[in-house]
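Student:
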Amino acid sequence: MRGADFTASPAFASVMTELLRGDQGAVARRDELRRTLTQASTSPGDLVAVPAHASRELVDVIKACGRRVVFAPVDAEGATDVDGLPAVAAVWHQTAAGIVPTRARLDSRADAPGTSPQHGAVLVDAYDTVVVGRDRTRLAGLELALTSNTAATIAAQRQRWQDVWFGLMHAAGLPLLGEERAPTASPPAPAAIPSGVVVRLPAGCDPTTFVAYAQAERTGVEWLPSRRPLHPQARLTLDSDQLRRSIDHLARLVVVPVGPTMTDEEIGHAVLGIVKAAEYTGWRWHLDPQHARQYAASLLDRYGPDHEAYRPAFPC
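Be aware that the sequence shown starts at 29, since it is given in this note's numbering, and climbs by one per residue.
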């Protein structure tokens, strides 16, 4: 099976299908969201901050529970940007492919690093994660519990995610979310095993062209604005600068799906799609300008000045 045909592992896909399409799953998810608000010690009338691209479901549940929603801009990780927000009872993040944003990480000294002390509980919607843990991160919302062969699935998903992450980092040379999770000789277990690797396109790169090239390679690449666009109400409440920044940040996030049953061939195909798009648009090796310069020079020597191969679109 090629990467073009890959969606997710059967176990993960069955869980997601039930949650996304089944009435029972939808009811269970809404109930879980309500419990999350209660467990976060929020009360009716409290303000809850959500990102500009919050799902309609999340916003509707918060309102139905008597809480008030305040839309916040989206930062470069697709997380809720709380800078400049009024005092709120909770800050809710919705993840990109299960990557827990830096703003939501916890340490032993503070409940919400990166946020003002005036903000309350930090909530992370783990809707996109394959499995959720509690290692130094508070995750609330839906937890996807795989009921069969869980330990093996977790290990396989972690390994496949690392394989795709390393492949993209070394072959494409583009910024990736969750870079601090790159495996080492003895990697710590991440708090949440993501369901995909998220590529952050550099400023100056045209997202629509890049995504079109990547999707043309039939790798299952997803563009975050298509997966979760801005909430209609956010367009009415954010100022023009906040709206512009949110749109730009979301447009630069591209998700490469990863599942525990991916073969080496599928992993290679998934990586190749991003690499080809980066090559065609001139943004390959953006994180390594020296290598980009050497690579471009080698093509020039080989094919001459009129070649149609890689030409860097950035100073190098």
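Where is the CB? At the ideal position from N, CA and C, for every residue including glycine. Since the structure is predicted, the reported quantities are computational estimates derived from the model, not experimental observations.
List in chain order: all unbroken alpha helix (DSSP H) runs of 4+ residues lying wholly within the region 269 to 314.
Tutor: Within the region 269 to 314, the complete alpha helix (DSSP H) runs of at least 4 residues are 292 to 309.
Student: Is the region 302 to 319 touching the region 265 to 277 in the sense that three or more CB pairs, one from each, lie closer than 8 Å?
Tutor: No, because fewer than three Cβ pairs between the region 265 to 277 and the region 302 to 319 fall closer than 8 Å, the two stretches do not touch.
Student: What whole-angstrom Cβ distance do A80 and L258 have, given they're in contact under 8 Å?
Tutor: Right, the Cβ-Cβ distance comes to about 5 Å (below 8 Å), so this counts as a contact.
Student: Mind checking whether V102 and R62 have CB atoms under 9 Å apart?
Tutor: For V102 and R62, no; Cβs fall outside 9 Å.
Student: Three-state secondary structure (DSSP) at H81?
Tutor: H81 falls in the coil class under three-state DSSP.
Student: Going by beta carbon distance, what residues of the same chain come within less than 8 Å of G310, once the five residues before and after it are set aside?
Tutor: Cβ within range, chain order: Y338, R339, P340, A341 and F342.
Student: Check whether the region 250 to 257 and the region 317 to 328 touch, using three or more Cβ-Cβ pairs below 8 Å as the test.
Tutor: No: the two stretches stay apart, fewer than three of their Cβ pairs being nearer than 8 Å.
Student: To the nearest whole angstrom, what separates the beta carbons of G232 and V286, a pair I think is in contact under 8 Å?
Tutor: Contact doesn't hold; Cβ gap of about 27 Å is too wide.
Student: Tell me the DSSP secondary structure of F342 in three-state form.
Tutor: Coil.
Student: Give the single residue among D74, D111 and V87 whose Cα lies nearest to the Cα of R95.
Tutor: Taking only the C-alpha atoms, the option nearest R95 is D74.
Student: When you compare each of Q122, W120, A92 and R188 to T291 by their alpha carbons, which one comes out closest?
Tutor: Closest by alpha carbon: R188.
Student: Report the rounded CA-to-CA distance for F99 versus R255, giving the unit in angstroms.
Tutor: Taking the straight line from one Cα to the other gives about 19 Å.
Student: V226 and V283 - do their beta-carbons sit closer together than 9 Å?
Tutor: Cβ atoms of V283 and V226: closer than 9 Å.
Student: Terminal residues of the continuous beta strand (DSSP E) containing R246?
Tutor: Here R246 belongs to no beta strand (DSSP E), and DSSP marks it neither H nor E.
Student: CB P230 to CB L202, shorter than 9 Å?
Tutor: Yes.
Student: Taking C-alpha atoms, which residue in A77, I295, G112 and Y323 lies nearest to D191?
Tutor: The shortest C-alpha separation from D191 is found at I295.
Student: Could you tell me if P222 is buried or exposed, where buried requires 16 or more neighbouring beta carbons within 10 angstroms of its beta carbon?
Tutor: It counts as buried.
Student: Short of 7 Å in beta carbon distance, which residues of its chain neighbour L271, apart from the five on each side in sequence? Order them along the chain.
Tutor: Excluding sequence neighbours, L271 sits near R263.
Student: Given this structure, state the Cα-to-Cα distance separating D109 from Q122, to the nearest angstrom.
Tutor: Going by the C-alpha atoms only, they are around 12 Å apart.
Student: Tell me F238's beta-bridge partners as DSSP assigns them.
Tutor: Its beta-bridge partners do not exist; DSSP assigns none.
Student: Should R228 go down as buried or exposed, given a rule of 16 or more other Cβ atoms within 10 Å for buried?
Tutor: When all chains shown are included, R228 counts as buried.
Student: What does a CB cutoff of less than 7 Å around L281 pick up in its chain, not counting 5 residues either side in sequence?
Tutor: If we look at L281 and ignore the five residues flanking it on each side, its Cβ neighbours are G106, A124, V226, R228 and L252.
Student: Please identify the residue among R58, A324 and F194 whose C-alpha is closest to the C-alpha of E85.
Tutor: Ranking R58, A324 and F194 by Cα distance to E85 puts R58 first.
Student: Are the CB atoms of Q261 and V116 nearer to each other than 9 Å?
Tutor: Not a contact, by the Cβ cut-off of 9 Å.
Student: How would you call E307, buried or exposed, if buried means at least 16 neighbouring beta carbons within 10 angstroms?
Tutor: Buried, since its Cβ has 16 or more Cβ neighbours within 10 Å.
Student: Got a sec, what are the start and stop residues for the alpha helix (DSSP H) R263 sits in?
Tutor: P260 to T265 is the span of the alpha helix (DSSP H), which, as asked, contains R263.
Student: Less than 8 Å between the CB atoms is what I'm expecting for V119 and A92, so what's the real figure, rounded?
Tutor: The pair is not a contact, with the Cβ atoms about 19 Å apart (cut-off 8 Å).
Student: Could you check the C-alpha separation between F194 and D269 for me, to the nearest Å?
Tutor: Approximately 35 Å between the Cα atoms of the pair.
Student: Which residues in the same chain have their Cβ closer than 8 Å to the Cβ of D328, if we skip the five residues on either side of it in sequence?
Tutor: Note on identity: in this sequence residue 328 is Leu, with Asp being the wrong assignment. Closer than 8 Å at Cβ, skipping near neighbours: H335.
Student: Relative to the C-alpha of L113, which residue among Y331, E293, T289 and D267 is closest?
Tutor: Ranking the options by Cα distance to L113, first place goes to D267.
Student: Exposed or buried, what is P288 when buried is set at 16 or more other beta-carbons lying within 10 Å of its beta-carbon?
Tutor: Under this definition P288 is a buried residue.
Student: Considering only residues of the same chain and omitting the five flanking positions on each side of Y241, which have a CB-CB separation below 8 Å?
Tutor: Hits under 8 Å: K304, A305, Y308 and T309.
Student: Indicate the three-state DSSP secondary structure (helix, strand or coil) for V89 in the structure shown.
Tutor: Reduced to three states, the DSSP call for V89 is helix.
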